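Everything below concerns the one structure shown next.
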Amino acid sequence: MIRYDNTLVAVVGAGPAGLMAAYSAASDGAKVVLFDRNTEPGRKLLLTGGGRCNVTHDGEWAELISAFFGGGRFLYPAFRALSNRDTVSWFEFRGISVIRENGGKVFPRSGSASDIRDTLVHACREAGVEVRTGTRIRGIEPGDGRFRLQTGERSGWEAAAVVLATGGLSYPATGSDGDGLRWAVKLGVPVVSTRPALAPLRSAEGWVGRLAGVSVDPVRAMLIRRDAEGKEETAGRAEGALLFTHRGLSGPVVLRLSRDLPGSWSGEITYAVLLDLLPDAGLGDLTAQMEALLRAAPKKTAVNALAGLLPASLTAAVLRQAGIETHTTAGTLSAKRCREAAERCKRLEVRIAGPARYAEAMVTAGGIAQSALDPRTMGVKEHPGLFAAGEIVDIDGDTGGYNLQAAFSTGWVAGCHAAAYVRRK
Ligand SMILES: Cc1cc2nc3c(=O)[nH]c(=O)nc-3n(C[C@H](O)[C@H](O)[C@H](O)COP(=O)(O)OP(=O)(O)OC[C@H]3O[C@@H](n4cnc5c(N)ncnc54)[C@H](O)[C@@H]3O)c2cc1C
Numbered sequence: 371m372i373r374y375d376n377t378l379v380a381v382v383g384a385g386p387a388g389l390m391a392a393y394s395a396a397s398d399g400a401k402v403v404l405f406d407r408n409t410e411p412g413r414k415l416l417l418t419g420g421g422r423c424n425v426t427h428d429g430e431w432a433e434l435i436s437a438f439f440g441g442g443r444f445l446y447p448a449f450r451a452l453s454n455r456d457t458v459s460w461f462e463f464r465g466i467s468v469i470r471e472n473g474g475k476v477f478p479r480s481g482s483a484s485d486i487r488d489t490l491v492h493a494c495r496e497a498g499v500e501v502r503t504g505t506r507i508r509g510i511e512p513g514d515g516r517f518r519l520q521t522g523e524r525s526g527w528e529a530a531a532v533v534l535a536t537g538g539l540s541y542p543a544t545g546s547d548g549d550g551l552r553w554a555v556k557l558g559v560p561v562v563s564t565r566p567a568l569a570p571l572r573s574a575e576g577w578v579g580r581l582a583g584v585s586v587d588p589v590r591a592m593l594i595r596r597d598a599e600g601k602e603e604t605a606g607r608a609e610g611a612l613l614f615t616h617r618g619l620s621g622p623v624v625l626r627l628s629r630d631l632p633g634s635w636s637g638e639i640t641y642a643v644l645l646d647l648l649p650d651a652g653l654g655d656l657t658a659q660m661e662a663l664l665r666a667a668p669k670k671t672a673v674n675a676l677a678g679l680l681p682a683s684l685t686a687a688v689l690r691q692a693g694i695e696t697h698t699t700a701g702t703l704s705a706k707r708c709r710e711a712a713e714r715c716k717r718l719e720v721r722i723a724g725p726a727r728y729a730e731a732m733v734t735a736g737g738i739a740q741s742a743l744d745p746r747t748m749g750v751k752e753h754p755g756l757f758a759a760g761e762i763v764d765i766d767g768d769t770g771g772y773n774l775q776a777a778f779s780t781g782w783v784a785g786c787h788a789a790a791y792v793r794r795k
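All the letters of the sequence shown, read from the start, carry residue numbers 371 to 795 under the numbering used here.
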């Protein structure tokens, strides 16, 4: 059965972008149906911020825009329509009190992502949105000034306007596996090729895995690409906190670098992360500091004498990488060996085992090209009545609440303008 309503706005995807789009369209008077393939809305939202949901970032616009790796200017009109402060007010008005942490990360005071999800769903229902979970849209076809959304062989819906909010390809188990992007390609909408972003990086080096749980803040990191002849090129740079994991590297600095790693590469090419573990000290000063520490405790092992510079297990790993046995006594280490150890602290190489994985990536870089959209309406230029919001769009930000804010703001704009489009028809 095909259900047709020439006043209907259909929103596909009940993540943060789709929920906000459905709410804003319905509060602007549109009849709205919101589809999600999962049996509950906002499944990924429940995982955000480790279950606490870093719902937005408290900062000036310039800071927010710069957190989107060069693509943030596109978001100006959306942030003007629904800013980070408007988002906080929107939730506070609905009884969610928030706290600000770590330089601007905003969380619900309850520490529960489900409060954010439930508030969005409740607001949608109150505004009259029909929420249809467990309904996977299988394709979208435009024709005769409307859109047909297939739900089965012979069943579907026809709507006057559609908001695509199906997310990217990250954490596909949450329901976002690229359906919307495939439809966009089929409709001839330009799509920038996608790759995982904000993902941990794997390393096959055993010493890295043995440091699992060790963190250093800040480190300066450089992603380098080496060709078959050993020629090096810098593929990315970042600074921030580093975490060693059983599989490799994580922490904000590595999550940031991951978007600079290509989705695949040939066997001839290798990638490595070069870590400056003590970025505030120059090599000369660090060498002098290490020499002083070793001289001050000549009978201790080198690792113990250098305690305080870095976590002991990391110091031991750095010394080993510099070819120095960790039980070597401090007093026997020559000035040359000491300088080599300092050099390792400033340039510790971790070889990367392979591309980042969508299954572990918090967001997807790439998506519907910014040039295909009007940033003031989030409308697809070549398809009047079709809108896009959230991670399906070629926009990805750093950790810190930026991605959810982008989803809320673009969802808000898409919903308002989808409602206005239907009204005008
Ligand atoms: C572990 C983790 C932690 C994160 N933490 C944070 C954080 O604290 N702060 C932050 O700002 N960002 C965070 N992010 C990123 C943030 O969650 C995403 O950027 C955001 O969810 C994107 O919203 P969206 O609505 O565009 O897409 P999604 O949240 O991916 O929602 C898309 C929805 O579309 C549905 N869908 C897909 N295809 C179909 C179809 N064919 N038919 C029907 N429905 C469909 C999916 O089921 C899904 O519910 C985190 C991400 C992860 C994975």
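Where is the CB? At the ideal position from N, CA and C, for every residue including glycine. These numbers were taken from a predicted model, which means no experiment stands behind them.
Local conformation of W635 per DSSP, three classes: coil
Terminal residues of the beta strand (DSSP E) in which F477 lies: Per DSSP, F477 belongs to the beta strand (DSSP E) from 475 to 478.
Straight-line gap, G621 to E528 (C-alpha atoms, nearest Å): C-alpha separation (whole angstroms): 45 angstroms.
Per-residue DSSP class, three states only, for F517: strand
Backbone secondary structure at I404 - three-state DSSP: According to the sequence provided, residue 404 is Leu. The question's Ile does not apply to it. Of the three classes helix, strand and coil, the one that applies to L404 here is strand, per DSSP.
Heavy atom of ligand 1 within 7 angstroms of T536 beta-carbon: yes
Residue range of the unbroken beta strand (DSSP E) whose run includes V720: Residues 718 to 721.
Beta-carbon spacing of E500, V402 below 8 angstroms: yes
Alpha-carbon to alpha-carbon, F614 and V763: 31 angstroms
Anticipated Cβ contact below 8 angstroms, F439 with R502, distance rounded: Contact between F439 and R502 does not hold, since their C-beta atoms are separated by about 35 angstroms, which reaches or exceeds 8 angstroms.
For P447, three-class secondary structure by DSSP: helix
DSSP state of Y641 mapped onto helix, strand, coil: strand
Proximity test, D488 beta-carbon vs ligand 1 heavy atom, cut-off 7 angstroms: no
CB-CB length for G534 against M390, believed under 8 angstroms: Note on residue identity: the sequence assigns Leu, not Gly, to residue 534. With 8 angstroms as the limit, L534 and M390 do not qualify as a contact, their Cβ atoms being about 14 angstroms apart.
beta-carbon I765 near ligand 1 non-hydrogen atom, thresh 7 angstroms: no
Any non-hydrogen atom of ligand 1 within 7 angstroms of N674 CB: no
Sequence ranges, alpha helix (DSSP H) only - wholly within the region 566 to 635, length at least 4: 576 to 579, 622 to 628
Euclidean distance between Cα positions of C708 and G652: 14 angstroms
Exposure label - I507; buried when at least 16 CB within 10 Å: Taking all protein chains in view, the Cβ of I507 is crowded by 16 or more other Cβ atoms within 10 Å, so the residue is classified as buried.
C-beta atoms of G736 and T457 nearer than 8 angstroms: no
Top-ranked residue by Cα proximity to G442, from C786, V783, N773: With distances taken between Cα atoms, G442 lies closest to N773.
Touch test, the region 639 to 646 against the region 583 to 595, Cβ-Cβ under 8 angstroms, three pairs minimum: yes
C-beta contact flag for V476 and E752 at 8 angstroms: no
Assigned exposure category for E496 - 16 Cβ within 10 Å defines buried: Exposed, since its Cβ has fewer than 16 Cβ neighbours within 10 Å.
T769 at chain B interface by Cβ criterion, 8 angstroms: Looking for chain B here will not work: only one protein chain is present.
Start and end residues, alpha helix (DSSP H) containing V763: Note, V763: premise wrong, no alpha helix (DSSP H); not H, not E.
Whole-Å CB distance - L568 paired with V733, under 8 angstroms assumed: With a Cβ gap of about 5 angstroms, L568 and V733 count as contacting.
Three-way DSSP call (helix, strand, coil) for A529 in this model: Per DSSP, reduced to three states, the secondary structure at A529 is strand.
Nearest neighbour of D428, chosen from W782, T769, T780 [CA to CA]: T769
Same chain only: Cβ atoms within 7 angstroms of G724, ignoring 5 sequence neighbours per side: R572
Buried or exposed (CB count within 10 angstroms, at least 16 for buried), K716: buried
Option nearest S636 by Cα separation, candidates A598, E575, G385: A598
8 angstroms contact criterion, which G385 and G760 should meet: CB distance rounded: Contact between G385 and G760 holds, with the beta-carbon distance rounding to 6 angstroms and staying under 8 angstroms.
Inter-stretch contact (C-beta, 8 angstroms, three-pair minimum) for the region 650 to 668 and the region 694 to 712: Three or more Cβ pairs closer than 8 angstroms define a contact, and the region 650 to 668 meets that threshold against the region 694 to 712.
Spatially closest choice to S741 from V562, E730, G606, by CA coordinates: Minimum Cα distance to S741 is reached at V562.
Short Cβ contact (8 angstroms threshold) for S546 with P566: Not a contact, by the Cβ cut-off of 8 angstroms.
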